[in-house]
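Novice: Right, I'll just put the structure down here and ask away after.
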Amino acid sequence: MDSIQWLKDLFTATDSVAHIALLYAIVIAVGVYLGKIKIGGISLGVTFVLFAGIVAGHIGFTAPTPILTFIQDFGLILFVFMIGMQVGPGFFESFGKQGIRLNMLATTAIVLNILVMFICYFVFFNTSDPVNLPMMVGTLYGAVTNTPGLGAANEALGSVFGQNTPQIASAYACAYPLGVLGIIGATILIRYFCKIRLDEEEKWLQAMDETSADKKPYKMHLEVSNKYLEGKTLMQVHDFLNRDFVCSRILHDGHVSIPNRDTVFHQGDQLFIVCAEADHEAIVAFIGPVIKVDWDQQDQPMVSKRILVTNPSINGKSLASMHFSSVHGVNVTRVTRHGIDLFASAGLPLQVGDRIMVVGPEDAVDRVANKMGNSIRRLNAPNIATIFVGIILGIIFGSLPIAIPGMPVPMKLGIAGGPLIIAILIGRYGYKIHLVTYTSTSANMMLREIGLVLFLASVGIKAGSRFFETVIEGDGVLFVLTGFLITVIPILIIGPIARIFFKFNYFTIAGMIAGTYTDPPALAYANSICSKEAPALGYSTVYPLSMFLRIFTAQIVVLFFCG
0 MDSIQWLKDL FTATDSVAHI ALLYAIVIAV GVYLGKIKIG GISLGVTFVL
50 FAGIVAGHIG FTAPTPILTF IQDFGLILFV FMIGMQVGPG FFESFGKQGI
100 RLNMLATTAI VLNILVMFIC YFVFFNTSDP VNLPMMVGTL YGAVTNTPGL
150 GAANEALGSV FGQNTPQIAS AYACAYPLGV LGIIGATILI RYFCKIRLDE
200 EEKWLQAMDE TSADKKPYKM HLEVSNKYLE GKTLMQVHDF LNRDFVCSRI
250 LHDGHVSIPN RDTVFHQGDQ LFIVCAEADH EAIVAFIGPV IKVDWDQQDQ
300 PMVSKRILVT NPSINGKSLA SMHFSSVHGV NVTRVTRHGI DLFASAGLPL
350 QVGDRIMVVG PEDAVDRVAN KMGNSIRRLN APNIATIFVG IILGIIFGSL
400 PIAIPGMPVP MKLGIAGGPL IIAILIGRYG YKIHLVTYTS TSANMMLREI
450 GLVLFLASVG IKAGSRFFET VIEGDGVLFV LTGFLITVIP ILIIGPIARI
500 FFKFNYFTIA GMIAGTYTDP PALAYANSIC SKEAPALGYS TVYPLSMFLR
550 IFTAQIVVLF FCG
């Protein structure tokens, strides 16, 4: 018997480091594998880790509560911070003309989710029981499939209830599965309510340009035919036209060269112009007609090369401040950032991870490549210092007490809201204080998923001891039904409004709904019925603000109404 005592201790000695590590490894591995199982083409993904944790907690396979709480909170911090770093660069850019409308609709849906939650609370539950409202908050975040909101609500409840914090993860777990199905089902219902035909929506997208015309680069070959331009320099033409463009090559008297600001234009010169798509008609009207040009005749060999910005000292510097043309004898025509081509306007700040298209003599292009870094190996190295500096600032910021009249305790953004806001700001403006914010997509996903599974496993294990008692003997069925109402009703209101009043394409609406509920399975469904990027664009437009509001409103609801 003694020979196997070590194995028994490994599974039962709850204060052992080996036991705790084994507990998390088993719960996470089982949850991830089970989460890959698809039913009707839909899977719960890593959220199944929560259910694996609940089972472990129920059978007594657990760890000391302080350890579970620490790992839970650290996982949440890591998860929300990496989300903020991901969405930060495009957060403020998402508020274009169409973006404002989509974000207004998403915000309205979030408010409706909360409103439906309160209606269900007053209609179906005993309002004199102080535990029921917190449990409805858990139901809300299961219904909208938003785990960070659950974490924020949990933290806020801790400041109100102390050691007797209700285990709202039980209600979250009850509402989550039907929440995933409800989002997709309600999105399908919108199609029938509004009599939408998918083939017609595809044709509509074909006629639309989903990319902002003031940023998308436009390439063209022009011949100088305007007599006014005879003898004028490139800079004079640029200033007079008051349009931003790059002239990457000029063919004059049979010879090709790289122009700079002092290059003189003559009638008959042939130019290779790159500009913002919105400006191309004005530039053609001013300079001359579009033509076909043979660029083979060159004074010296010239190349076009994509160069990767990996030198941290370049981070945040504008294209104009780099003096590519005057100092290096090359021109930068466009910048690729996060897979999107941007016109290389003079004021555009470069960021580590950008790819710039450089045109010029081969030796000059190589010198620019060395200056920019152009090292994929360096780019793959994680900027871990930036992450932890951001977490430090986020925790401090989230701990600042904000006194609001009528609230029992000062409001704090907490370990969910503080790091999220700081991460968004660092992701967008970190280059201004020389923080290298680039993290490869795979590294971001890895850190984010590790944080998420640690959080879900901890929440599940803590809730497991009372989960089945809550569901079977308590109000589990009510949590499921009210969660379904919280999921579906706002979608069936906002979807038709987006279609009828704002005339959005159905695929954009589907992506917007998935982003509002921060629900990847719903996005996967929307992508499966559309051949273009409209669902992904709708999703990414509203996702940053939706994630922020889900976390922020979780704390507002708890502190205002659960105190």
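For reference, each letter of the sequence shown is one residue, going 0 to 562 in numbering that gives the first Met the number 0.
Ideal Cβ positions, reconstructed from N, Cα and C, are used throughout, including at glycine.
Keep in mind that this is a model prediction, so the values were computed, not measured.
Report all residues from its chain with a CB closer than 6 Å to the CB of Arg260; omit the five preceding and five following residues, and keep chain order.
Specialist: Closer than 6 Å at the Cβ level, and outside the excluded window around Arg260, lie Leu233 and Met234.
Novice: For Ala462 and Val48, which I take to be in contact (beta-carbon distance under 8 Å), what is that distance rounded to the nearest angstrom?
Specialist: Not really, about 13 Å apart at Cβ, beyond 8 Å.
Novice: Among Ser15, Val479, Asn310 and Gly230, which has the Cα closest to the Cα of Gly181?
Specialist: Val479
Novice: Got a sec, what are the start and stop residues for the alpha helix (DSSP H) Thr440 sits in?
Specialist: Thr440 to Phe467
Novice: Work out the CA separation of Val357 and Gly52 for me, nearest whole Å.
Specialist: 52 Å
Novice: Does the beta-carbon of Ser320 have 16 or more other beta-carbons within 10 angstroms, so that it is buried, or is it exposed?
Specialist: exposed
Novice: Per DSSP, what are the beta-bridge partners of Ser256 in this structure?
Specialist: Per DSSP, Ile249.
Novice: Would you identify the three-state DSSP class for Asp8, choosing helix, strand or coil?
Specialist: helix
Novice: Does DSSP put Val357 in a helix, a strand or coil?
Specialist: strand
Novice: If you drop the 5 nearest sequence neighbours on each side, which residues of the same chain put their C-beta closer than 8 Å to that of Ile113?
Specialist: Leu139, Thr552 and Val556
Novice: Out of Val130, Met84, Leu477 and Ile187, point me to the one whose CA is closest to Thr574's CA.
Specialist: Because residue 574 is not part of the residues shown, which for the chain are 0 to 562, the question remains open.
Novice: Mind checking who Phe342 pairs with in its DSSP beta bridge?
Specialist: Phe342 is bridged to Arg333.
Novice: Looking only at DSSP bridge pairs, what is Gln269 linked to?
Specialist: Glu222 and Leu250
Novice: Cβ of Leu221 within 8 Å of Cβ of Lys531?
Specialist: no
Novice: Give the DSSP bridge partners of Leu307, in chain order.
Specialist: Arg354
Novice: For Phe483, which residues of its own chain have a beta-carbon under 8 Å away from its beta-carbon, when the five flanking residues on both sides are left out?
Specialist: The beta carbon of Phe483 lies closer than 8 Å to those of Ala142, Ala174, Leu177, Gly178 and Gly181 in the same chain, with the five residues before and after it left out.
Novice: Thinking C-beta only, is Gly137 closer than 8 Å to Ala170?
Specialist: yes
Novice: Counting pairs of Cβ atoms below 8 Å between the region 265-278 and the region 367-378, do you hit three or more?
Specialist: no
Novice: Once DSSP output is grouped into helix, strand and coil, what is the label at Thr68?
Specialist: helix
Novice: Could you have a look at Val302 and say whether DSSP puts it in helix, strand or coil?
Specialist: Here Val302 sits in strand by DSSP.
Novice: Taking a contact to mean a Cβ-Cβ separation below 8 Å, would you say Leu548 touches Ile109 in this structure?
Specialist: yes
Novice: Count the other CB atoms within 10 Å of the CB of Pro288; is the residue buried (16 or more) or exposed (fewer)?
Specialist: exposed
Novice: On the CB-based measure, 16 or more other CB atoms within 10 Å of its CB, does Ser545 come out buried or exposed?
Specialist: buried
Novice: Would you tell me roughly how many angstroms separate the C-alpha atoms of Ile425 and Phe80, rounded to the nearest one?
Specialist: Ile425 and Phe80: Cα-Cα distance of roughly 10 Å.
Novice: Given a cut-off of 8 Å on the beta-carbon distance, is the pair Val435 and Asn369 in contact?
Specialist: no
Novice: Classify Thr232 as helix, strand or coil using the three-state DSSP reduction.
Specialist: strand
Novice: For the 8 Å Cβ check, are there 3 or more pairs between the region 303-318 and the region 279-286?
Specialist: no
Novice: Whole angstroms is fine: what's the gap from Ser464's alpha carbon to Ala533's?
Specialist: Approximately 44 Å between the Cα atoms of the pair.
Novice: Check whether the region 394-404 touches the region 350-364, counting contact only when three or more Cβ pairs, one atom from each stretch, lie closer than 8 Å.
Specialist: no
Novice: Would you report the Cα separation of Arg248 and Thr309, rounded to the nearest angstrom?
Specialist: So the two alpha carbons sit approximately 26 Å from each other.
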